[in-house]
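Structure record follows, encoded as structure tokens.
In the UniProt record's numbering, the protein residues as written are 1 to 191.
Here you go:
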């Protein structure tokens, strides 16, 4: 019985990763190359995350700042999921949808990369942040649920989640972060 649950869980995990990344492998490689190019030009990676994927955004930024597989210099990455006083102030005033866009107005520069992780529910703050980043001349990428409607131009790189399960979304976000870091390390440091 428990073996069956484990097998089922592994099959679901593998299926979500394959559906998300094998179908979009070329786009992922192109995006990783662009992130490496931005780092070479002195730009930064700014990471956003909604719901439980806020923790994934923090972890992904840390993978770039510290390291994933090799000893290397820190890469300029920052998660924008840390400002609890701002979040509570905006929520109190009914303006939580501006959480990421307000931060990006202060720190994002043309040529930076903004990577957003959306969980399985709609997130106005994430979409507004992506729009702000694009308006500022940033390269934008997002992992979003298939059902999430994109208005306007949307991100430059869009990876669609093929699951409604929060746990699978978190696993997929973490995999995207690891894969992106591996590809960027390979591009920058020849591994």
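Ideal Cβ positions, reconstructed from N, Cα and C, are used throughout, including at glycine.
Excluding its 5 nearest sequence neighbours in each direction, residue 184 has C-beta neighbours in its own chain below 8 Å: 32, 35, 36, 39, 64, 75, listed in chain order. When 178, 160, 82 are compared, the shortest CA-CA separation from residue 23 is found for 160.
With a 10 Å radius around the Cβ and a threshold of 16 neighbouring Cβ atoms, residue 29 comes out exposed.
With respect to the 7 Å criterion, residue 78 and residue 106 are not classified as neighbours on the basis of their beta carbons.
Taking a 10 Å sphere around the C-beta of residue 151, we find fewer than 16 other C-beta atoms and assign the residue as exposed. When rounded, the separation of the alpha-carbon atoms in residue 169 and residue 182 is 20 Å.
Under DSSP, residue 139 shares a beta bridge with 113. Per DSSP, residue 89 lies in no beta strand (DSSP E) segment; the continuous alpha helix (DSSP H) that holds it begins and ends at 84 to 92. When the beta-carbon positions are compared, residue 120 and residue 140 stay at least 7 Å from each other. In the displayed model, residue 66 falls within coil according to three-state DSSP, outside both helix and strand. Distance from the CA of residue 43 to the CA of residue 91, rounded to the nearest whole angstrom, comes to 31 Å. Of the candidates 18, 61, 10, the residue whose Cα lies closest to the Cα of residue 117 is 61. Note that the region 8 to 28 touches the region 165 to 180; at least 3 beta-carbon pairs, one per stretch, sit closer than 8 Å.
Counting the other CB atoms within 10 Å of its CB gives residue 3 a total below 16, which places it among the exposed residues. Boundaries of the beta strand (DSSP E) harbouring residue 160: 157 to 161, taken from the DSSP string.
For residue 49, the enclosing beta strand (DSSP E) begins and ends at 45 to 49. Less than 7 Å divides the Cβ of residue 157 from the Cβ of residue 27.
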